[in-house]
Each structure stands twice: as C-alpha cells, then as structure tokens.
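Residue numbers (the UniProt record's numbering), protein chains in the order written: chain A, 1 to 317; chain B, 1 to 1048. A virtual CB, placed ideally from N, CA and C, is assigned to each residue, including glycine. To keep things clear, I will list the structure first and then write my remarks on it.
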Amino acid sequence: MPFTVHKVIKEAHEDGIWSVACGRRGNKVVTGSVDDTVRVWNADSMSLMHTLEGHQLGVISVDISPNGSYAVSTSLDSQIRIWDLMSHSLVKALEAGPGGVPSSSRLGANRDNQVGSVKAWSVVFSPDGRQISTGTHDGNINCWAVETGEKDRTLETRGKFVMSLAYSPNGMLLASGAENGSIHIFDVPTGKLLHSLPGHSMAIRSMTFSPDSQLLITASDDRRINIYDVHHANCLSTLAGHQSWVLSVAFSPDTTHFASGSSDKRVKVWDINSRQCIHTFDTHTDQVWGVAYNEDGSRLVSVSDDRSIAVYNVYSV
Amino acid sequence: MDTTFEIPLHRQGNQEVLVVNTATLEDPTSWEALLNVLISEGIQLSYFLEFAVKSALQYYRLGRMETFDRFLEAALETSATRSGEDVIVIQILNAMAARSIELAEANAAEFDTHTANATSLLNRAESMDRMNLLTIVGKANLMLVRKQLYQAMYSFRGALQQDANYLPALLGLATVEFQKGDYKAALMHYQRVLVLVPDIQPDVRVPIGLTFYHLGMEAEARAAFSRALELNPENVDALALISVMETNKARNPSTPDKDRGEASKKANSLIYGAYSLHRKHAVIFNQMAERFFLKGSDNNEKARIMAEAALRSATNKVSRGDSLAIKAKIAQSNKRYEEAHTLFAEAHQLNPDSIAIQLGLAQSLIFKKKYTEAVTHLESILSKEPNNYETLMIAAAVYAQVPEMANKAADAYERLKKLLRASQSDGIQSKTTPGDDSSLNDPELLIDIARFYEKTDIKQAQSALERAISIFETTPNVAVPPELYNNLAVLYHLEALKPQSSKDAAQQSMNAAERLYQRAMEAGYEGVEAVRRIEDVRTTIKYNLARLSESRGSAKGAESQYLDILKVHPSYVDAILRLGCIALEQGKIENALQHFADALAIDDRNVRAWSLVAKAHITNKMARLARKAFEKILQEIDKYDTYALCHTGNICLRFARSDPKQCDIHCKRAVEFFTKALRQDTRNVYAATGIAIAFAQLDKLEEARSLFTQIQEAASSNTNVTVNLAHVLVEIGQPHAAIPLVASTQLIYESVVKRGSATDLDVIRSLARAHYIVAKTEKLPDVMHTVAKRLEEAVALSPNDLSLKYNLALAKQQYAQLLNDQPKEKRPLAALREAVIGLETSEKIFDELSKRRADASLGYDVERARERANYSKGVRRVTEKKIHETEVLDRQREDRLADIRAKRDELAEQKRREEEHRRLEEQRQQEELAEMRRRIKEQVQLENEKMRIALQEEKERAERRKSSNRGGGGGGGEDDDEDEDDDARRGDSDGEPRRSSKPKQKRKRKEKPARAEGPSSDEDDEEMRIKRAKSSGIRSKLSAAVIDSDED
C-alpha cells in the first residue's frame, strides 16, 4: 500500500488546528491553532519542540521560510509574528493595522496591536525568504520585508477580501484567491497584475503552485478544486469529490500529486496527470484545515479542528 | 297450427263462414283484403286480435309489424261503433300498449313518445275495467321500462294477489327482481313459471340460466341453457349465451391452456350456428363483432359493421351497451380516442354494471388526464372485484400519477404482487419464495412498479427494472427498449447523487449508469417508423450522459455535450438550462442569466427557467429581482407552483427581518404564501417550516415550537428544522432563564454540527449564542471563554462578517466582566491577565467597528459599538484593579509564605548549625581524647622507650626482637587512621553492613565535617537550591490546581 497513516498526534493543540507548514530545511513542522499558540514539532518524531505564545486570537496561517530558520504566523486580530525557529523566540511582531508601523519590541508587543477589520489573513514567505506577503480585507496584498519589518509594497486586486496567497516556486508569480472566488496572478518583479482567472464562485481558502511553476491549484468553498495553466490563464480541469468546502491544497514535491483537505473531514490525494482522486484518508473526525508535504514528498501532514495532527506515508506510486 | 280459419259471418242469422287459408296469408296483400272483409262484415273484435297476433307471429321474423298495428288500430276503430265487447277492447288496448312499450325499449330516441302512447292506451283500458289483470300487468310493465322498479314490483304483486298463478305477473316480478339484482327471488319466480307452464315460449329456462349465472352457479346456468337448447335447438338466446360463457371461459386466465382453446373453438361454432339461425340477434352480433375485433386490426371494419348491426337490432340496454363498447374499443384501436371516450361513456350509461365498459371508460378518462374521475370508476370496479388484476394495475398506475394518492399506489402494488404470487402458487411453479420480486413475470407491472418507486425508493425501482430487463432479454425475438436501459441508468445516477452514498459507491453507481446509457444508445427499435423515436430517445440519453459528466464534476465535458445536443436540437430547453446551471455554479451569474434568457426566449412559460432565474438573483443577493421572477411564475404560469410559493415566502421573511417596522406585514404575507404551498402539497416541509419561522418572527414562540416539533417528528433528518427548533427553544428559554432547555439545545446544535455541517456558520453562531446565554445567566466565565473560541472559529469561516467580530468582542468583554464578578478565590491571576488582554482586543475591535459608517447591512449598531468600546475600557479598569488586588493579595500571601519558609529555613539552619556545632564539639572532644590517648601513648612509648633503653642494657638481644614487634604496633597507629578512612569510603560506596540499621545520610553528614571545608559548603548550597526548586514546584502546582478547579 502506497498510502498509510503513519501517525496521529491526538490533542496536539488545546483547540482546533487551523494551519500547518512543513519546513524545507531543518525538519520542522509548524502548526497554528485557535488556542492562540503556534507549535513547533520535530518532523521525524512528531514530538513537540516548542510552543510559541503571544497571539491573542486564533492563529489562521503559518509558514516557514525557505531556509527553515524562520516561521511566520498570522492571527485573527491581524498580528503578524515572525519567529526564530532555532531559538524559538519572537523576532518581530508586525502590526498589520492601518498605520502599518511595525512594533518590533519583543516585550509587550501584544499590548499595542491594532485589531479590527482584517488587515492580514493568510501569510506566505516569498521563495527568496526576504519578504512575507499577506492578503487583506480590502483586496490588497501587503508585502513586508522580513529584515526590517517595513511594508515594502502593496499589490491591489481591486477585488474582495484576499483569503489565500501562493508564490510560484521560481519566485516570479504571486497568486491570490478572494472571498468571492476570483483569482489574480501578479508578476512579482514588476508588481503588475497579469491575469484574473474565473472558475470559482465561492471563497478560495487555499492555493498552491506546482513545483515547476506551471500549474496553479485552487481550493474553494464551492467544493471544487481547479487546476489552472498559469501562463495561458485557462482552467484545465475542475475536480469534484469533496462533499463540503475544500479548505486546503498542497502540491507534492514529487511533482505528480497534490493533496487536499476539506470540511467533509477527509484528506484526498490526487494524481495530477489523470486528474483523479487516487486516495482518500478518513482519519480526522472534524474538518481538515490544512495539509502540507514534507521536503521529499514522502510524507503528508494534515491538521484538523479535531485538535489532531495526522501524518501519512505517501510514497510515489 | 291450423291451416284454415273459419270465421262466422253474422249476417241475419246466416251460418255463413269465411274460410281463410293461412297458406294464402303469405302474401301481404291478402292481409289487406282480409282486414277489409273483417271491417266491412262487422266481424267480432276477437278475430281482429287473433289475426293481429297471427300476423305478428307470421311476420315477426321479417320485422313487419305494420299489419299487426293495422289490425289492432282497425279493431279499435270498429270497437267505437260497437258495444259489449269491452274485454276484447281491453285486450286490444293492452296489446297496443305492449307494442308501444316494446318500441320504447328498443328505440331510446323515441322512448318518451312511445311510453306516453302506452300510458294513454293503458289509461283507456283502465277506465274500462279497473281490476283487469292484463291492464295492471301492462301498467307494471310500463313502470318496469321506466325503471320504476319498486312501483312495478308493487303492481305485479297486486296482480298476483288476484291470481297467484298469473303468468305475466310472475314473469314481470321475476324480471323486476332480476333487474334489482335479487337473483334468488328472481330465480324462485322463474322456476315457479317453469313449474306452471313447462313448455312456455319463449323458454323461461334462458332467464333461469341467466340468474344462475349471476348467482355464480355457472354449471347450473350451463345446464339450463343446454336444456333450453335440447328442447329447441334453434333457441338463439340459449345458443348465444352458451357461446358467451364459452368465450369467458376461454378468456379466464385461470383456465388451463388446452381447455381455453377448446372453449374458444366451441364458442366460435356456437356463435356461428346462432348467427346462421338468426341474423338479427343483438347478442350474436356483439359476439361476432368481438370475435372479429379480437382477430386483429384487419378485421376492425367487419367488427364495426357487426357492432352497428347489433346496435340496430338490439332492444335492451345491456346489449346496446356491449355493442357500443365494442365500437369504442375499435375506435380506441384506431386511435380515435375522443370518439372512444364518448362511446364508452354512452355504453356506461346504458350498462353501468359492466366492469369491462367501466374499465374502458376509466382508461379513456385516464387518456384525457381526468385522473380523479378515472379513479372513481376504477375504485367502483375494485369494490366489486377487489382482485381484478388489470384494474388494479391501471389503478396503481393512476395512483402513482397523482401525488395525493401515492400511498394508495403502494398498497395497490403490494396487492398486485400478492395476487401474482397467489396465482403462481396456485399454478405449477410454486417454488418461488414470497417477498421476492423474481416471482413477478409481468414486465409491464415491473416497469409500473419501477416508475412508482423511482421517487421514493430507488433500490426497489432498480430491482424491478432490472428484473423487467432480464425478462425482456431472455424472451426471444423481443428487443429491450432503450428507454428501459436509460431509466435504469437514471436510477443508478440518482442513487449516486444521494448525499448519504459513500464516494466509492457513488462512483460505482455512476459507472453502472454510464454502461447502461451506452447500452441504451446501442439498443434500437425495429421497423421504419421507429427511426424518429429512436432519435428522440438518443437525444435524451445524450442529455443524461451530459448530466452524468456534470455529476462527475467535469463541467467542461458536460458543457460541450450540451452544446452538441443543442447543435442538433437548438430548442432543447433542458440543455440550455443546464448550461445556465453550470455557469451559475461557477459563479458566472451574468452568463447564467443569459442562458436562462435564451431558454425563456424559446419557451417563456417554462417554470423551471423562471425558477432558475430567481435562483440566480438570490445567489446575487438581489431579492427583489428574484421575487419578480417568482411572481411571474405565480401570476402568469402556475399559481400553485409550490417551489415559487415557498421561495416567495422566504423572500418575504427576509424582508421582514431587514425591515423591522413592517415586520408584521411581511410575515403575514409570507404565511399566506406558505399556506398556499401547503394547500397544494400537504407534506411540504419547507412550507411548514416557513410558517413556523414566521410565527417565531412574530414572537409567537410557543406556536412556533409546537410546529417545529411536529415537523421534526415528521422529517427527523432535516437539520434545518432541528436548528430552527433549537433557535426557538433558546428564545423561549431566555426570558425564564430556563437553562436546562438552553443547555439541551446546545446538544441539539452540537449534534447538528456533528452531522457534518461543520461549515454551517449559522449553527456555530447559534451554538455560541446558546453558550452565551448560559454563561451570562449562570455566571460561568469558562463557558464565556468557549463562546469566544466558537466565535473565533466562525470568524475564520466567514472573515467578512462584522457582526461576528462584534460578538467576539462582546464575548471577550463579558468574559472579563464575569471574572470580575467572581469571588476572589475563583479568579486566578492568570485568567484575569488573559481577560485584560481580551479586553484590549475587545476594545480595539469595538473601536474599529464604531468607526464604520452606520448601515443596516453591517449587522450591528455603530453607536452601540462605540458604547461597548467605552464600556470595555471601564471593565478593563475594574479588571486591572482586581488584578492589582489579587496581585497584592498574592504578594502578601507569598510574603507570608516566604516568611514562614524563611523562618523554617532559619530554624533548620539553626538546628543544623547546632548539630554541626555539637558534632564539631564531639569531634573536638574525640580529637582531644585521641590527642590525650596519643599523648598517653607517646608517654607510654616514651616510658617504654625509657624502659626499653633500660632493659636493652640488661638483655639486649632478646628484648630487641620484642621491641621490634612493638614498633610495628606503633606504626599501626597511623595505619589505624588510614583504616578509618578506608572504612568511610567503603561506607559511602557499599553502605555498611555492620551498621545497616543506621540511615545512610546521618552517616554521610557525620562524614562531611571531617572533610575539607570548601566542598561541604558547596554541597549545602546545592541542597538548598533543590529545596527551593521543590517548594516553587509545589507552588506552581497549587496554582495549577486552582485553575483546574476554576475550570471545573
């Protein structure tokens, strides 16, 4: 059997887990939960290494820098926190509020954060690791410099709330998915809007590029997963199979598979060539908020509202 | 019969006789001459009558009744000039009346004139003699014709009281009873006639046979007919009736096959025999017509001619009805359905008791889609014959057509199955077990069953259809109609779409469906006329295949398939609508609306298209436009469309919510729409729910609750209803603080969440609300904490909903508030600190929310948000104060603890020091002792030395050896010390077996001071640290325990 459940960590957080990221280097897994904490796990043993505290409302999104030394997390109250994964300490707390003035004080950072309309939702590291990008309520994408904590630039979709973001692995493209299902693709060097892709009618909560940066895969509340040819801006396929919102997608580094997690509590693995679901994991007992592959694509991690983390063996077929 | 008559001519006493030779009477003109003679010679009236009857008998077969009439009329005319022949006149009058009655019976069109004629004649006879039996019976006969059965019976009985054996009255009474359906009484009277006059003509055995037949005694009936035939082989009535019996026997499905053929043959020969005997007998005509009709469509014309001939010659209603029914059947087979319907209706009027005719009428009604009328007919048939297979099947099919009668249909099918099983177990192959569809061998019934169950029970429909197909497949020379494959495929497809079917099962079902569609495409009809039909069917299959692609999630494939269909059939509305639906699903609302508009351009009265337009508008949040579309349906197309009614009701409810001023009006309107919908479909859950919601909206919570409870009992799997019920329970629970109620609704909500609608925001929100109420009324900060967490989840699901943020901020604020109100021991510092952070968050959220422009669509009140932000500040101050208080308290406590600890430590230290001191003292003493000993030893040694020196001088050699031994002992002093050290070391490592009873530590402590000063102090330090760590560990545990207990 190429697909087996490797391990399930029950009660990995004190409440539902909303996001997961696997480090490309350093062999770490980072999870963010509604219990306001970010946890760092050893990817091999899946033992808890550290709990990072400081967020006040649930942690929506986490990402690990390409070099594996930093993690970034955002919470419902629009805090962006950058953590050092070596020392397990807070590097910066960015205030994604209206002023945009970063408060880099290590202590008491939680005292003066701007909360309100969502200024930061999901967060991603750029492939060069120098920037992080967040989507905002008013349809903008803010790019922050990791080094200084300054806001570098703002890309405007002139659309609705940007709920998901993805950089192409070659660093050239940045895709955004909005609450109303619209998708925008920006050229990273110039900041120009290249394409707007139609196809979804409901919120897009997750998106991922293929390792060759040719395909974009999107997960939507309309229960469908779309595969787009990025350069020709057309939808190659629409995959149905989940019985509820698709909350998360992740592309396998083996370039032939991708995984999806859904409100229907299932994790599905899809074959990119046949565009068929080739396996369904029914491990979780509540909606699956996040899926992520490890560096060589041999393992898949999923996190769920049932407070558990599941690790699967997904050897290439 | 005599060949000559002698008629006395009363001419002045002459004995002249007019001799009439009957042989000459073959010529009609001779009758005229005879009549003239009779009139001119003034011959007795009785002869008139006699000749009239004779002529009638003579010409009955030729149907020449004119002479009869002429004679009687002439007699009546002459009677006016004469007197004393009243009896004869009465007889003549009666004869004429009887003739009129006969005419009336035979000729429905002139029924009234003839009966009126008969009435006047009889009245005249009655005026001449009131008690004349003949007249009484004549009047009774007239009543009989007029269907005044009871009056007729009364008259006949009156006649019989005068003469108990008066044959016409007896026969009349028998007829009345026969017509009333009292066959036993009729039989009795007929038998009495037979006893009185065994050779009565026409043979009374025929009606006796008929009564036997009606009593279900077929053997006796047959015997009666046969006896009649024996007596008179040319009794056509008997012949015809036996033939009918044979035909029925041949048609009865329970008759063994070989008997059937025989019976059919026998019936044939009988009917032809009868036909050759009597060419004007209606029953025979009918039989002939039926035979021709059954021979096939080529003989329809002959059959029609026969039936019409029968109609012409028929005198009674039953046989006329039969002929009409045959004509109707012919019309039906010639596809002239309207004509068939009128004919059947006419026939039914003539013979309301005939099941065959009623069935035909019902069928024609079904064809005209007048189902309710058809059902009354079918049910009346079934009340007469509850096990009539054909009728049951038709009835079931009709029931299945009409939604209100669906439950009856299920009954009917069960009965049909039972019937079939029963008839099978009667037959040879009774191997099949009951409850198994495989016993059903009638593909038509199976198809009907499948059609009936396709909406309610897909599995059963599937098995029925599969069975039907396998029957078709195994039957040689019969191709399976592609529709069957198609329908079965659709069933599989539907099964795959069921929400409860698992992914794999759905996949399998879809694959099966696809295979079947393919087979349907390959299957074909035979014959040329089928080409068009097959084209239609194939288009349908193509459409279904496209639907299948859609269900498989391949919207693109489906789209191209629909477009393919539209290329061939550009006005295939369904395909256009599906294209619109695909667009709608992809969120291209404009595109979808365009498709729907296209569809409406083809058919602007398409309810589905309008509904979809409305749906698109709803998706686009354009409630008013949606309502317009629904109004279009309701006002112009179908004012009973339940879908449109329910949706319009829902839109009204939405308006009611957004427009609090006119809430009542909107709610009432909504209730009107829902009520209309309910009237159409009494089981419409949505309409019922809508009404309940309107009640809830109008604050009639108890009513709403009882309604929701009822609905939930009826449709327990409907989560919407469950949620609504929970809402209402929460509402009811709130004012009376009925916490158990609210708590139980939490369970309901949670069960709903568990049932897989985890992404249902409303449920999470409601759950949070229920928790909130509990937290507020029971003052439980922890519950409030969960409220905040649930709301955070809700915000994550719908980040755009500002009211959720407002609530989240409120929950955070209330958490702090509740903590503030807790007694001191129940508010740990950690929780308070958390609360303060939450309050800051809350304040900021409120602040942010209050800065927005006021708008009803925000979902909260900006002003209130501002107030809340300020309030949060206030609460925070209080909380901070409490924190300070608690901190102070804690510090004091800690200080006290520290004091105590310090004291304890000090004490311990003192003790230790004392002990140390004591030990040092001891040691010193020991050392002193040792010193003393050493000194004494030294002194002794010294003494010894002295002595040795003294002795050496005396005995030098011997003494030296001894003194060297002693010297070893002296070195042993040092050795002794070393030994002690060794001992100590051993004790450290192994423990001392010799002093095992003593604790190790004591020994250790004893040891330590003996060691160097430096390390000992170090070790002490370490011990202290451990101790401190331990105590602090205990403290943290304690506080954790406090938290725990709080959480509890």
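Residues bridged to residue i [DSSP beta-bridge criterion]
i, result
"Glu124 (chain A)", "Reading off the sequence, residue 124 (chain A) comes out as Val, not Glu. Paired residue(s): A:Ser133."
"Ser237 (chain A)", "A:Ile227"
"residue 330 (chain A)", "Absent from the structure is residue 330 (chain A), since the part of chain A shown begins at 1 and ends at 317."
"Lys7 (chain A)", "A:Val311"
"Ser269 (chain B)", "Paired residue(s): none; Ser269 (chain B) is not in a bridge."
"Tyr167 (chain A)", "A:Leu174"
"Ser84 (chain A)", "Residue identity check: residue 84 (chain A) is Asp in the sequence provided, not Ser. Bridge partners of Asp84 (chain A): A:Tyr70 and A:Ser89."
"Ser61 (chain A)", "A:Thr74"
"Ile141 (chain A)", "A:Gly135 and A:Leu155"
"Phe209 (chain A)", "A:Leu216"
Start-to-end residues for the beta strand (DSSP E) that takes in residue i
i, result
"Trp41 (chain A)", "Val38 to Asn42"
"Leu698 (chain B)", "Neither: Leu698 (chain B) is in no beta strand (DSSP E) and is coded neither H nor E."
"Ile185 (chain A)", "Ile183 to Asp187"
"Ala250 (chain A)", "Val246 to Phe251"
"Ser262 (chain A)", "His257 to Ser262"
Proximity test, Cβ basis, 8 Å: residue i and chain A
i, result
"Lys498 (chain B)", "no"
"Lys789 (chain B)", "yes"
"Thr841 (chain B)", "yes"
"Ala794 (chain B)", "no"
"Ile618 (chain B)", "no"
"Pro799 (chain B)", "yes"
"Ile837 (chain B)", "yes"
"Glu585 (chain B)", "yes"
"Lys556 (chain B)", "yes"
Interface flag, residue i vs chain B, CB-CB below 8 Å
i, result
"Ile183 (chain A)", "no"
"Ser103 (chain A)", "Here Ser103 (chain A) scores only 37 on pLDDT, less than 50, and its place in the model is too uncertain to base an answer on."
"Asp77 (chain A)", "yes"
"Phe161 (chain A)", "yes"
"Ser201 (chain A)", "yes"
"Leu107 (chain A)", "In this prediction, Leu107 (chain A) has a pLDDT of 35, which is less than 50 and means its spatial position is unreliable; nothing more can be read from the coordinates."
"Asp152 (chain A)", "no"
"Asp271 (chain A)", "no"
"Glu179 (chain A)", "yes"
"Gln276 (chain A)", "no"
"Gly135 (chain A)", "no"
Span of the alpha helix (DSSP H) around residue i
i, result
"Ser354 (chain B)", "Note, Ser354 (chain B): premise wrong, no alpha helix (DSSP H); not H, not E."
"Ile883 (chain B)", "Val862 to Glu954"
"Tyr492 (chain B)", "Pro482 to Leu497"
"Thr51 (chain A)", "Careful: Thr51 (chain A) lies outside any alpha helix (DSSP H), inside the beta strand (DSSP E) at Leu48 to Leu52."
"Phe178 (chain B)", "Leu167 to Lys180"
"Glu631 (chain B)", "Ala623 to Lys632"
"Ile272 (chain A)", "Premise fails: Ile272 (chain A) is in no alpha helix (DSSP H) and is neither H nor E."
"Ala461 (chain B)", "Ile458 to Thr474"
Presumed contact (8 Å Cβ cut-off) between residue i and residue j, rounded CB distance
i, j, result
"Ser206 (chain A)", "Leu247 (chain A)", "6 Å"
"Leu343 (chain B)", "Leu324 (chain B)", "5 Å"
"Leu808 (chain B)", "Ala788 (chain B)", "6 Å"
"Ser155 (chain B)", "Ala140 (chain B)", "4 Å"
"Ala468 (chain B)", "Leu491 (chain B)", "No, Ala468 (chain B) and Leu491 (chain B) are not in contact; Cβ-Cβ is about 12 Å, not under 8 Å."
"Glu246 (chain B)", "Ala267 (chain B)", "3 Å"
"Gly580 (chain B)", "His595 (chain B)", "3 Å"
Practice problem: Pick out the complete beta strand (DSSP E) segments inside the UniProt repeat "TPR" (573-606) of chain B, 3 residues or longer, and give them in chain order. | Solution: none
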